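So the sequences go chain by chain: A and B.
If you want our numbering, it's the 1-based position in the first sequence plus 40.
If you want our numbering, it's the 1-based position in the second sequence plus 63.
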Amino acid sequence: MLELAGGFSALFAPWPFLYLVGGFLLGLLFGAIPGLTATLAIALLLPFTFGMEVTNALIMVMGIYMAGIYAGSITGITLNIPGAPSGAITSIDGHALMKKGHGAQALSLDAFASSVGGMIGALVLMMLAQPISQLALLFRTPEKFSLVLLAVVTVTIVSRGSLWRATIAMTLGLMISTVGIDPMVPKGRFDFGSYHLVEGIGLLPAVIGLFAICELLVQAATPARNAMGVAVAELPRLRHRDFIPDFRIIREIGAFLYLKSSVIGVLIGMLPGGGAAMASFIAYAEAKRTAKRPEAFGDGSHEGLAASESANNAMCGGAIIPLLTMGIPGDAVTAIIFGVLLIHGLVPGPGLLVDHTATIAPMFAALFVASAFVMVSVVAFGPFYLRLARINRGMLYAFIALVSMAGVYASSFSGFQMWMALAIGIFAFALRRFDYPVVPMLMGVILGPYLEEFLRRSLIVSKGDPTIFVTSPFSLLFLLLTLVFIWLLRLRPSARAGSTG
Amino acid sequence: MTGIARPNGQAIFALVLLVLTSVYSSQIFKLGLPFENGVEPGASFLPIVLSAIMYVGALRILLVELRRGRAETADARPQSDTVPAVTVLGPLVVIAATALFAYGLERVGYFVAAGAYTFVVALYFNFEDSGRPVYALVLSAITALAVTLFGWAFFVWLFELTLPGWNL
Chain A
41 MLELAGGFSA LFAPWPFLYL VGGFLLGLLF GAIPGLTATL AIALLLPFTF
91 GMEVTNALIM VMGIYMAGIY AGSITGITLN IPGAPSGAIT SIDGHALMKK
141 GHGAQALSLD AFASSVGGMI GALVLMMLAQ PISQLALLFR TPEKFSLVLL
191 AVVTVTIVSR GSLWRATIAM TLGLMISTVG IDPMVPKGRF DFGSYHLVEG
241 IGLLPAVIGL FAICELLVQA ATPARNAMGV AVAELPRLRH RDFIPDFRII
291 REIGAFLYLK SSVIGVLIGM LPGGGAAMAS FIAYAEAKRT AKRPEAFGDG
341 SHEGLAASES ANNAMCGGAI IPLLTMGIPG DAVTAIIFGV LLIHGLVPGP
391 GLLVDHTATI APMFAALFVA SAFVMVSVVA FGPFYLRLAR INRGMLYAFI
441 ALVSMAGVYA SSFSGFQMWM ALAIGIFAFA LRRFDYPVVP MLMGVILGPY
491 LEEFLRRSLI VSKGDPTIFV TSPFSLLFLL LTLVFIWLLR LRPSARAGST
541 G
Chain B
64 MTGIARPNGQ AIFALVLLVL TSVYSSQIFK LGLPFENGVE PGASFLPIVL
114 SAIMYVGALR ILLVELRRGR AETADARPQS DTVPAVTVLG PLVVIAATAL
164 FAYGLERVGY FVAAGAYTFV VALYFNFEDS GRPVYALVLS AITALAVTLF
214 GWAFFVWLFE LTLPGWNL
């Protein structure tokens, strides 16, 4: 814990701090603009990380992550168009407050809740990371396989819409991961005679294709009037001090609600596939269940706003825990962070914190400090937030297009990788057009090699006996958890929906 | 609402997935038996499992969509005031521009390729948004110049990555 706290001193050196501020501002911009997300911002950053020190890259990613999740609620409150899915629940009460003329207060309460949630999430991360890493060091190959399987299954079943489509998306990702050299024997697979494919399909073109190129195509298919929303109603001129939160309202909301919602956010974040949208929804539902005036929820409830925002920013710290301690990314953002670590030769997993504490500690500190920035940012930029949704689309998407494609080339020196990014982007666009989720596909690409290696190693050790996966207590626990999640997240809701017609 | 309409091509897309799976599966025979020595899983083991999942999943979707028919799967696509068939034409413009950039970067260099690429992308979005050709042309030219220079400054000066500057 003390070693991790030492990350603060490293963070406050000039360059790391500038990277944090830069990442935070980038995340704020991308989170607040409808259609753009923190995931896209981090995906675009990926090529640049080749030219950065890994600590600075991780610090910048943390700034983007925290700011992007928070900023998803800004246009949700001001325009009722969430900049990202994480802001959808906050928009319900936030926009209701806006319509009542309390827009500045809604934005400041939103930022305060995000700050509190983000800080609690970062503190939990600092407290739990090392103990969980120590525990994870005990995992052998069968346990690792069951853990990766848990992540693969959970990410698939929590996807919205058809389970079959999510399964296909995940399977496509796993198929992509099998292209290239076999993980166990030096033999090329699925290369179709191309020396480019013998190396496999890189993470960079996969991330850029799935998120940047695909988003570019989605936006090109979306008329401007549908993408950017309607003109904002005339509002009184707001000053910076209007965005300082009213502490009387914060006392009314109560410290317990902030704490409870943040803990929910952390726990949901630790669950593979959990994500900010689910965290804010569950915390909101729990706050409404225990509220003195549940009827106010949906009509400008301060408690509802605080619950959803505390939870979705606390989720950031929670989502980092399984990534760094067990090597399991739970969502698209942590999957890309996984890529950043791999690019720099660091393998996420139990050994990471033991062997590279000095590299990772500033990342934790960055998450905490970025949470504090959220509160500062609303006072500094609050009066400008109303204009964010009006940014010129031509400039925005020309920038995204160039950074994506030139980024792939600059970091790989390969024209083939650019073509691969374009091909994956077109395929991902087709998937989205036909209601297939793309996040499971990315998770398949990332987790596929580990799933296959651990499966095959385990079966080689057991001489083909699959009971090796149920004779180890941890492995059995992960398999049972997988079944419990399938029951809780898919079978039970389907049964309830069926019984209520 | 985004421009992603769900046309009645769900069944066709499931067919495309089946074809892709067949192309993938055709390589499995080169990888040997799924279990070497009768017990140890080999290079073809996981690909066989994945192909089976794909065939079952895509076939199920295909059958459901064929049973559902065209009328139930069709829904309204967003319309643009300025670009006809925006849901098709828009992505095609961006795909063509991106493909030209990928083709041209090593041949004509960053400045020409990036300038043209950002100009076309900006022009499409600006024209779709405003419907004013001259305004869109001028704004897109300024955008292309600014984004191209910004990209060079970012990639080459700040992050010291390498791009081919002028290859003409």
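For glycine and all other residues, C-beta sits at the position ideal for the given N, C-alpha and C.
Just so you know, these numbers come straight off a predicted model, no measurement behind them.
*Are the CB atoms of alanine 144 of chain A and methionine 415 of chain A nearer to each other than 8 Å?*
Counted from its first residue, the first sequence places residue 144 of chain A at position 104. Counted from its first residue, the first sequence places residue 415 of chain A at position 375. The answer is no: Cβ separation not under 8 Å.
*Compute the minimum distance between the beta carbon of leucine 311 of chain A and the heavy atoms of the ligand NAD, and state whether it is under 7 Å.*
As far as ligands go, the structure on display features none, and thus does not contain the ligand NAD.
*Under 7 Å Cβ to Cβ from glycine 91 of chain A, same chain only, skipping five residues before and after it: list those, please.*
As a working note, residue 91 of chain A is residue 51 in the first sequence. Cβ within range, chain order: n/a, list empty.
*Measure the Cβ-Cβ separation of alanine 72 of chain A and threonine 115 of chain A and say whether it is below 8 Å.*
Along the first sequence, one-based indexing puts residue 72 of chain A at 32. Along the first sequence, one-based indexing puts residue 115 of chain A at 75. Here alanine 72 of chain A is near threonine 115 of chain A, since their CB atoms are less than 8 Å apart.
*chain A partners of phenylalanine 92 of chain B, CB-CB under 8 Å?*
Stepping through the second sequence from its first residue, residue 92 of chain B is reached at position 29. Ordered by position in chain A, no residue passes the 8 Å Cβ test against phenylalanine 92 of chain B, which lies about 12 Å from the chain.
*Please confirm if serine 143 of chain B has its CB atom under 8 Å from at least one CB of chain A.*
On the second sequence, position 80 is the one that residue 143 of chain B refers to. Chain A places a beta carbon closer than 8 Å to that of serine 143 of chain B, counting this residue as a contact.
*Under 8 Å between beta-carbons, which chain A residues line up against valine 156 of chain B? List them in chain order, please.*
Translated into the one-based positions of the second sequence, residue 156 of chain B becomes position 93. Contact annotation for valine 156 of chain B against chain A: Ala260 [CB-CB distance below 8 Å, chain order].
*Check the Cβ of proline 104 of chain B against every Cβ in chain A and list those closer than 8 Å, keeping chain order.*
As a first step, residue 104 of chain B must be located in the second sequence, where it is residue number 41. The contacting residues are Leu495, Arg496, Leu499, Ile500, Gly504.
*Given leucine 224 of chain B, which residues of its chain have a CB within under 8 Å of its CB, disregarding the five upstream and five downstream residues?*
The residue you call residue 224 of chain B lines up with position 161 of the second sequence. Excluding sequence neighbours, leucine 224 of chain B sits near Phe218.
_Within 10 Å of its beta-carbon, does leucine 364 of chain A have 16 or more other beta-carbons around it, so buried, or fewer, so exposed?_
Stepping through the first sequence from its first residue, residue 364 of chain A is reached at position 324. Here leucine 364 of chain A is buried. Its C-beta has 16 or more other C-beta atoms within 10 Å.
*In chain A, which residues lie with their C-beta within 7 Å of the C-beta of serine 203 of chain B?*
Residue 203 of chain B sits at position 140 when you count from the first residue of the second sequence. The contacting residues are Gly434.
*Under a CB-based cut-off of 8 Å, is proline 97 of chain B close to chain A?*
As a first step, residue 97 of chain B is located in the second sequence; it is residue number 34 there, counting from the start. Chain A contact via Cβ: absent.
*Could you say if the segment 327–345 of chain A and the segment 123–137 of chain A meet the contact criterion of at least three C-beta pairs nearer than 8 Å?*
Verdict: yes, contact present.
*Taking just the CA atoms, how far does glycine 309 of chain A sit from alanine 162 of chain A?*
Along the first sequence, one-based indexing puts residue 162 of chain A at 122. Along the first sequence, one-based indexing puts residue 309 of chain A at 269. Between the alpha carbons of alanine 162 of chain A and glycine 309 of chain A lies a distance of about 12 Å.
*Between leucine 442 of chain A and valine 210 of chain B, which are expected to be in contact by the criterion C-beta below 8 Å, what is the C-beta distance as a whole number of angstroms?*
Numbered from its first residue, the first sequence carries residue 442 of chain A at position 402. Numbered from its first residue, the second sequence carries residue 210 of chain B at position 147. Approximately 6 Å separates the beta-carbon atoms of leucine 442 of chain A and valine 210 of chain B; this is inside 8 Å, confirming the contact.
*asked:* I'd like to know whether the C-beta of glycine 66 of chain B is nearer than 8 Å to at least one C-beta of chain A.
replied: Numbered from 1 along the second sequence, position 3 holds the residue referred to as residue 66 of chain B. Residue placement at glycine 66 of chain B is poorly supported in this model, since its pLDDT is 49, which falls under 50; the coordinates are not used for a value here.
*Along chain D, in chain order, which residues have C-beta atoms closer than 7 Å to that of aspartate 222 of chain A?*
No chain D is part of this structure, whose protein chains are labelled A and B.
*Name the chain B residues whose beta carbon is nearer than 7 Å to that of isoleucine 466 of chain A?*
Taking the first residue of the first sequence as 1, we reach residue 466 of chain A at position 426. Ordered by position in chain B, the residues that pass the 7 Å Cβ test against isoleucine 466 of chain A are Ile158.
_Three-way DSSP call (helix, strand, coil) for phenylalanine 190 of chain B in this model_ = Position 127 of the second sequence holds residue 190 of chain B. The DSSP-derived three-state label of phenylalanine 190 of chain B is helix.
*Exposed or buried, which one is glutamate 183 of chain A when buried takes at least 16 other CB atoms within 10 Å?*
Numbered from its first residue, the first sequence carries residue 183 of chain A at position 143. Buried.
_Residues near glycine 108 of chain A in its chain [Cβ-Cβ closer than 7 Å; skip 5 each side]_ = Counting from 1 along the first sequence, the entry for residue 108 of chain A is found at position 68. Short of 7 Å from the beta carbon of glycine 108 of chain A, and not among the five residues preceding or following it, lie these beta carbons of its own chain, in chain order: Gly67, Phe70, Gly71, Thr77, Ala78, Ala81, Ala124.
*Any beta-carbon of chain A closer than 8 Å to the one on leucine 123 of chain B?*
As a first step, residue 123 of chain B must be located in the second sequence, where it is residue number 60. Correcting the residue identity first, residue 123 of chain B is arginine in this sequence and not leucine. Yes - at least one Cβ of chain A is within 8 Å of the one on arginine 123 of chain B.
_Quick check: is the beta carbon of alanine 207 of chain B nearer than 8 Å to any beta carbon in chain A?_
Sequence index remark: in the second sequence, residue 207 of chain B carries index 144 (1-based). Yes, because at least one Cβ of chain A sits closer than 8 Å to the Cβ of alanine 207 of chain B.
*Pairwise C-alpha distance: leucine 212 of chain A and alanine 372 of chain A*: Counted from its first residue, the first sequence places residue 372 of chain A at position 332. Counted from its first residue, the first sequence places residue 212 of chain A at position 172. Taking the straight line joining both Cα atoms gives about 16 Å.
*Could you tell me which of B:Val184, B:Ile124, B:Val82, B:Val102 sits nearest to isoleucine 500 of chain A, measuring between CA atoms?*
Translated into the one-based positions of the first sequence, residue 500 of chain A becomes position 460. The shortest C-alpha separation from isoleucine 500 of chain A is found at B:Val102.
_Under the three-state DSSP convention, the category glycine 434 of chain A falls into_ = Sequence index remark: in the first sequence, residue 434 of chain A carries index 394 (1-based). If DSSP states are grouped into helix, strand and coil, glycine 434 of chain A belongs with the helices.
*asked:* Considering just the uninterrupted stretch of the alpha helix (DSSP H) at phenylalanine 218 of chain B, what are its terminal residues?
replied: Here residue 218 of chain B refers to the residue found at position 155 when the second sequence is read from its first residue. Run containing phenylalanine 218 of chain B: none; DSSP gives neither H nor E here.
*Grab me the residues of serine 515 of chain A's own chain with a C-beta within less than 6 Å of its C-beta, minus the 5 sequence neighbours each way, in chain order.*
Position 475 of the first sequence, counted from the start, is the residue given in the question as residue 515 of chain A. Within the same chain, serine 515 of chain A has close Cβ partners Pro182, Glu183, Ser186, Phe509.
*Please determine if the segment 91–109 of chain B and the segment 240–253 of chain A are in contact, where contact requires at least 3 C-beta pairs separated by less than 8 Å.*
By the criterion of at least three beta-carbon pairs nearer than 8 Å, the segment 91–109 of chain B is not in contact with the segment 240–253 of chain A.
_By DSSP's criteria, arginine 229 of chain A is part of a beta bridge. Which residues make up the other side?_
Locating residue 229 of chain A in the first sequence gives position 189, counting from the first residue. Per DSSP, the beta-bridge partners of arginine 229 of chain A are A:Gly220.
*asked:* For a quick check, are the C-beta atoms of glycine 158 of chain A and alanine 347 of chain A less than 8 Å apart?
replied: For the purposes of this step, residue 158 of chain A is identified with residue 118 of the first sequence, where counting begins at 1. For the purposes of this step, residue 347 of chain A is identified with residue 307 of the first sequence, where counting begins at 1. Taking 8 Å as the Cβ cut-off, glycine 158 of chain A and alanine 347 of chain A do not qualify as a contacting pair.
*asked:* Short of 6 Å in beta carbon distance, which residues of its chain neighbour alanine 331 of chain A, apart from the five on each side in sequence? Order them along the chain.
replied: Here residue 331 of chain A refers to the residue found at position 291 of the first sequence. Within the same chain, alanine 331 of chain A has close Cβ partners Glu343.
_So, for valine 485 of chain A: in the same chain, excluding its five sequence neighbours on each side, which residues have a beta-carbon less than 6 Å away from its beta-carbon?_
As a working note, residue 485 of chain A is residue 445 in the first sequence. Excluding sequence neighbours, valine 485 of chain A sits near Gly213, Ile216, Ser217, Ala246.
_On the DSSP bridge list, what partners appear for valine 104 of chain B?_
Walking along the second sequence from the start, residue 104 of chain B turns up at place 41. For the record, residue 104 of chain B in the displayed sequence is proline; it is not valine. DSSP, once it has assigned bridges, lists B:Phe98 as partnering proline 104 of chain B.
*asked:* Using a Cβ-Cβ distance cut-off of 8 Å, determine whether leucine 65 of chain A contacts chain B.
replied: Residue numbering aside, residue 65 of chain A sits at position 25 when the first sequence is read from its first letter. With 8 Å as the cut-off, leucine 65 of chain A does not count as an interface residue toward chain B.
*Using three-state DSSP, classify leucine 177 of chain A as helix, strand or coil.*
Taking the first sequence and counting its residues from 1, one reaches residue 177 of chain A at position 137. In this structure, leucine 177 of chain A counts as coil in the three-state DSSP scheme.
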